[in-house]
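**Q** Below you will find the structure I want to go over with you.
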Amino acid sequence: MPRHEAAHGHDHGQGHHRGDGAGPEARPAPAKAPAAAPATPGAIYTCPMHPEIRQDRPGNCPKCGMTLEPLIPEATADDNNPELRDFSRRFWWTLPLTVAVTVLAMAGHRLGWMDPVKQSWLELVLSLPIVLWAGWPFFVRCAQSFRHRSPNMWTLIGIGTGAAFLYSVVATVAPQLFPASFMAHGRIGVYFEAAAVIISLTLLGQMLELRARSQTSAAIKSLLGLAPKTARRIEPDGSEADVPLTHVHVGDRLRIRPGEKVPVDGVVLEGTSAIDEAMLTGEPVPVTKRPGDKVIGATINTSGSLVMRSERVGSQTMLSQIVQMVAQAQRSKAPMQRMADQVAGWFVLVVISIALASFFTWGLLGGEQGWQYGLINAVSVLIIACPCALGLATPMSIMVATGRAASQGILFRDASAIEHFRRVNTMIVDKTGTLTEGKPAFDRAVPVTGATEDDVLRLAASLDQGSEHPLAQAIVEAARGRGLRLSDAVDFESSTGIGVRGFVDGQRLALGNTALMAQEGVDVASLTGAAEELRQQGSSVMFLARDGRAVGLLAVSDPIKPSTPEAVESLHQAGMQVVMATGDGLTTARSVARQLGIDEVHGEVKPADKLALVDRLQREGRVVGMAGDGINDAPALAKADVGVAMGTGTDVAMNSAQVTLVKGDLRGIARARTISQGTVANMRQNLVFAFLYNALGVPLAAGLLYPLTGWLLSPMIAALAMSLSSLSVVANSLRLRAGK
Numbered sequence: 002m003p004r005h006e007a008a009h010g011h012d013h014g015q016g017h018h019r020g021d022g023a024g025p026e027a028r029p030a031p032a033k034a035p036a037a038a039p040a041t042p043g044a045i046y047t048c049p050m051h052p053e054i055r056q057d058r059p060g061n062c063p064k065c066g067m068t069l070e071p072l073i074p075e076a077t078a079d080d081n082n083p084e085l086r087d088f089s090r091r092f093w094w095t096l097p098l099t100v101a102v103t104v105l106a107m108a109g110h111r112l113g114w115m116d117p118v119k120q121s122w123l124e125l126v127l128s129l130p131i132v133l134w135a136g137w138p139f140f141v142r143c144a145q146s147f148r149h150r151s152p153n154m155w156t157l158i159g160i161g162t163g164a165a166f167l168y169s170v171v172a173t174v175a176p177q178l179f180p181a182s183f184m185a186h187g188r189i190g191v192y193f194e195a196a197a198v199i200i201s202l203t204l205l206g207q208m209l210e211l212r213a214r215s216q217t218s219a220a221i222k223s224l225l226g227l228a229p230k231t232a233r234r235i236e237p238d239g240s241e242a243d244v245p246l247t248h249v250h251v252g253d254r255l256r257i258r259p260g261e262k263v264p265v266d267g268v269v270l271e272g273t274s275a276i277d278e279a280m281l282t283g284e285p286v287p288v289t290k291r292p293g294d295k296v297i298g299a300t301i302n303t304s305g306s307l308v309m310r311s312e313r314v315g316s317q318t319m320l321s322q323i324v325q326m327v328a329q330a331q332r333s334k335a336p337m338q339r340m341a342d343q344v345a346g347w348f349v350l351v352v353i354s355i356a357l358a359s360f361f362t363w364g365l366l367g368g369e370q371g372w373q374y375g376l377i378n379a380v381s382v383l384i385i386a387c388p389c390a391l392g393l394a395t396p397m398s399i400m401v402a403t404g405r406a407a408s409q410g411i412l413f414r415d416a417s418a419i420e421h422f423r424r425v426n427t428m429i430v431d432k433t434g435t436l437t438e439g440k441p442a443f444d445r446a447v448p449v450t451g452a453t454e455d456d457v458l459r460l461a462a463s464l465d466q467g468s469e470h471p472l473a474q475a476i477v478e479a480a481r482g483r484g485l486r487l488s489d490a491v492d493f494e495s496s497t498g499i500g501v502r503g504f505v506d507g508q509r510l511a512l513g514n515t516a517l518m519a520q521e522g523v524d525v526a527s528l529t530g531a532a533e534e535l536r537q538q539g540s541s542v543m544f545l546a547r548d549g550r551a552v553g554l555l556a557v558s559d560p561i562k563p564s565t566p567e568a569v570e571s572l573h574q575a576g577m578q579v580v581m582a583t584g585d586g587l588t589t590a591r592s593v594a595r596q597l598g599i600d601e602v603h604g605e606v607k608p609a610d611k612l613a614l615v616d617r618l619q620r621e622g623r624v625v626g627m628a629g630d631g632i633n634d635a636p637a638l639a640k641a642d643v644g645v646a647m648g649t650g651t652d653v654a655m656n657s658a659q660v661t662l663v664k665g666d667l668r669g670i671a672r673a674r675t676i677s678q679g680t681v682a683n684m685r686q687n688l689v690f691a692f693l694y695n696a697l698g699v700p701l702a703a704g705l706l707y708p709l710t711g712w713l714l715s716p717m718i719a720a721l722a723m724s725l726s727s728l729s730v731v732a733n734s735l736r737l738r739a740g741k
């Protein structure tokens, strides 16, 4: 309903928000993961990368090995992830050993610290805890990938580190098995440092990933935390008692005192008050509720006392429906890493095939030392194919890009947002708090003949000093900002929904809508034209009367942010269609859209309507971005291909979105799109580097070029090539810092 007339408690339309939460379907999954959290009764666990995997207990995903997470986390759940604690302990306890092994391997023979053979044994002793304890979860996941016939990145890490370590153990324990040509610096070359560094880097990467993933449940926890813990129930005998919210049933009579939250969805039976529904509707002005009006659980009663009858409780409340919509939208995404897993699956099969072929070909055709050469070449293939560069290709680009974006006030929550942002062609924007400032501000005063604008503003502000209504505060702030002298109001009286009355400087004043003017017998016909024009511009209008005669009117509106026109223009220049979807009145929405040149307008929409709009546009083949700042935007933010939250808005909106604009400036969307384009190009270059080294190094390591060139690639050179590929990826990623 548009804001045609506003007093301190003006009329607004209300509606119910419904959302259908898809019931989870359980599916078997593998055994419990190391350090997994205990199962919560009734909880469903799912994979962040493969939402179709669901089961009733914690564990690892059979497809990618990732730890399963609760579909809907508990509001009181411990944010200290047990897997993160476990990996952190393994990383920090073994990091000094990794450094020691690496320094010893790189510089030990040059400095002549000890006998080369003793050095190999020392490296073996130092690397044992790293490989067998710190790296144990990776080998478990590698084994699971074989058991479930689903090769993935853990398969590569397990095979690569295992091959490097086992080869080095054999070279240390039984060096006589190797040809003399593989003797270097007084010993057979060992690669304990390669296995140790790979495991430490992988642990570090998992720690960073787990910290980022822990934020995905923050939106749902914030929503669950909005509901009050108790309700004041009125018993049949008239007595009242506070009871837990879980004890409230349909049909119960509940009292809501000033400042309290509405406990559940229902209908007002007694009393009149203004309810702050901004957290759910985005509307900045409280809504007047009278007997017969609907109220929504978790909204805030600002002034009077109400008695309500509960109609929807538990999972049927609007807040619970929104929680289910956010959870369903978050779990419906296919993360960017899925493609990497598919590539890794085929890559593993190819690498293993090449290693086996090299081993048997050299063993059968290589003469007296053929099997030794076959073993060395097979290990070289596995070492050079170890996925350090492949594993770093995407994360390094993302780390640099997110750091650069953060310096510009743009916070990306995950890699998927960076990947998809460049493809967004339709941007849905909320109005209140996104395009506009999100709070009422005095617009103008229109006086009748014989009065001035300052006279009207001073009298209205003097009367409004006794009111806590947001519209009154906007008028008082404007008067004080102009330096006007305010007088005290006496016999102040507030009539909820129509306006206020009182005496200022001995004059009887009335400030409110046409209903109040009618009660006072005031003729406002001379101001009707100006009032209607201001309403068409989206302003709330109040009439001021003095001693029974009209003095003027005041208009209060939610002003457009100064940065918004430039932001909308930049979106159009980027080829995006801009769609406004707001819970505010259609008249106000169309007025703002006309001023900004917005392509499509939807007014008076509920959270479920915004979600349905995103879904419809996606089914039409559009890549949809959603920008908003309120709890009512949370389901649509989670469902959109890219959700963009205003940093000046609610925590729930920021936790539901993939991107947060810290300053709430929509111009950041165009900057984020540019960063997205540069980052995706950088990731592709990194993947080319990673695969190029493998494409060149694997055939050489397998000995395919030996008949033509006489070249063989020892494991030492393979490890160097592996390091160079990782170095190339890191150096290329760092170029993003200097990008324009």
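Numbering-wise (this note's numbering), the sequence shown opens with residue 2 and increments by one. All C-beta atoms, glycine included, are put in the ideal place defined by N, C-alpha and C.
Taking the alpha-carbon positions, what's the K33 to S657 distance?
**A** For K33, the predicted structure reports a pLDDT of 40, less than 50, and the residue's modelled location is therefore unreliable. A value from the coordinates is still provided. Straight-line Cα distance between these residues: approximately 29 Å.
**Q** With a cut-off of 8 Å on the beta carbons, I'd call P287 and D277 a contact; round off their distance for me.
**A** The pair is a contact, with the Cβ atoms about 5 Å apart (cut-off 8 Å).
**Q** Give the secondary structure of Q409 by DSSP, where H, G and I count as helix, E and B as strand, and everything else as coil.
**A** The answer is coil: DSSP assigns Q409 none of H, G, I, E or B.
**Q** So, for W155: in the same chain, excluding its five sequence neighbours on each side, which residues have a beta-carbon less than 7 Å away from its beta-carbon?
**A** Once the five neighbours on either side are set aside, the close Cβ partners of W155 are G66, F139, R142, C143, S146.
**Q** What are the residues that DSSP puts in a beta bridge with A582?
**A** Partner(s): H603.
**Q** Are the Cβ atoms of F193 and V102 separated by less than 8 Å?
**A** Cβ atoms of F193 and V102: closer than 8 Å.
**Q** Near V1, what residues of its chain come up, given a Cβ to Cβ distance below 8 Å and the 5 sequence neighbours on each side ignored?
**A** Nothing can be reported for residue 1: it is not among the residues displayed for the chain, which extend from 2 to 741.
**Q** Can you give me the start and stop residues for the alpha helix (DSSP H) that K611 sits inside?
**A** Segment 608-620, the alpha helix (DSSP H) holding K611.
**Q** Just to confirm, are M253 and R233 a CB contact at a threshold of 8 Å?
**A** A quick correction: the sequence has Asp, not Met, at residue 253. No, they are not a contact pair.
**Q** Assuming contact is defined by CB atoms lying nearer than 8 Å, are V756 and A475 in contact in what I supplied?
**A** Beyond the ends of the chain as shown, which are 2 and 741, falls residue 756; an answer cannot be given.
**Q** Taking the beta strand (DSSP E) that G644 belongs to, which residues open and close that run?
**A** Run containing G644: 643-647, per the beta strand (DSSP E) assignment.
**Q** Following the continuous alpha helix (DSSP H) through P63, name the residue where it begins and the one where it ends.
**A** Element bounds for P63: n/a, residue is neither H nor E.
**Q** So, with DSSP's three-state summary, where would you put A473?
**A** Note: A473 maps to helix in three-state DSSP.
**Q** Less than 7 Å between C-beta atoms, sequence neighbours within five positions excluded: which residues of the same chain meet that for V615?
**A** I429, V625, M627, A637, K640, A641.
**Q** Since T231 is in the beta strand (DSSP E), which residue starts that stretch and which ends it?
**A** Unbroken beta strand (DSSP E) run through T231: 231-235.
**Q** Which of helix, strand or coil does DSSP assign to G500?
**A** Three-state result, G500: strand.
**Q** Where does the unbroken beta strand (DSSP E) through F544 begin, and where does it stop?
**A** From DSSP, the beta strand (DSSP E) with F544 extends over 541-547.
**Q** When the Cα atoms are used, what is the spatial distance from V100 to R90?
**A** Answer to the nearest angstrom: the Cα atoms are 16 Å apart.
**Q** Reducing DSSP to helix, strand and coil, say where D652 ends up.
**A** Residue state, collapsed to three classes: helix.
**Q** Can you look up R150 in the DSSP assignment and give me helix, strand or coil?
**A** In the structure shown, R150 sits in coil (DSSP, three-state: anything other than H, G, I, E or B).
**Q** Determine which residues share a DSSP beta bridge with Q537 and list them.
**A** None; Q537 has no bridge partner.
**Q** Grouping DSSP H, G and I as helix and E and B as strand, with all else coil, what is L737?
**A** Helix.
**Q** Might you give, ordered along the chain, the residues of its own chain that have their beta carbon closer than 6 Å to the beta carbon of A36, omitting 5 neighbours on each side?
**A** Low confidence applies to A36: its pLDDT is 46, below 50, so where it sits in the model is not reliable, and the reading given next is rough at best. So the list reads P83, E84, D87, once near-sequence residues are dropped.
**Q** Buried or exposed for D444, going by 16 or more other Cβ atoms inside 10 Å?
**A** By the 10 Å Cβ count, D444 comes out buried.
**Q** Which stretch, first to last residue, makes up the alpha helix (DSSP H) that contains E567?
**A** Its alpha helix (DSSP H) spans residues 565-574.
**Q** Measure the C-alpha to C-alpha separation of Q574 and K432 and round it to an integer number of angstroms.
**A** Looking at the two C-alpha atoms, the distance is approximately 21 Å.
**Q** Does the separation of the CB atoms of G305 and G267 fall below 8 Å?
**A** Contact flag unset, no.
**Q** Between the Cα of G631 and the Cα atoms of T95, V382, T437, Q120, which residue gives the shortest distance?
**A** Comparing Cα positions, the closest option is T437.
**Q** Taking buried to mean at least 16 other C-beta atoms within 10 Å of its own C-beta, is V265 buried or exposed?
**A** Counting Cβ neighbours within 10 Å, V265 comes out buried, since at least 16 surround it.
**Q** Consult DSSP for L554 and reduce its assignment to one of helix, strand or coil.
**A** Strand, per DSSP.
**Q** Please determine, among E521, G315, A703, T95, the residue with the shortest C-alpha to C-alpha distance to G500.
**A** Of the candidates E521, G315, A703, T95, the one whose C-alpha sits nearest the C-alpha of G500 is E521.
**Q** Can G669 and I411 be called in contact, C-beta distance under 8 Å?
**A** Their beta carbons are under 8 Å apart, which means G669 touches I411 by this criterion.
**Q** Taking the alpha helix (DSSP H) that E420 falls in, what are its first and last residues?
**A** Unbroken alpha helix (DSSP H) run through E420: 416-422.
**Q** Look up Y192 in the DSSP assignment and say whether it is helix, strand or coil.
**A** Coil.
**Q** By Cβ distance, which residues of its chain are closer than 7 Å to S223, with the 5 residues on each side in sequence left out?
**A** Excluding positions up to five away in sequence, the list reads D652, V653, N656.
**Q** Please classify E533 as buried or exposed, where buried requires at least 16 other C-beta atoms within 10 Å of its C-beta.
**A** E533 should be labelled exposed.
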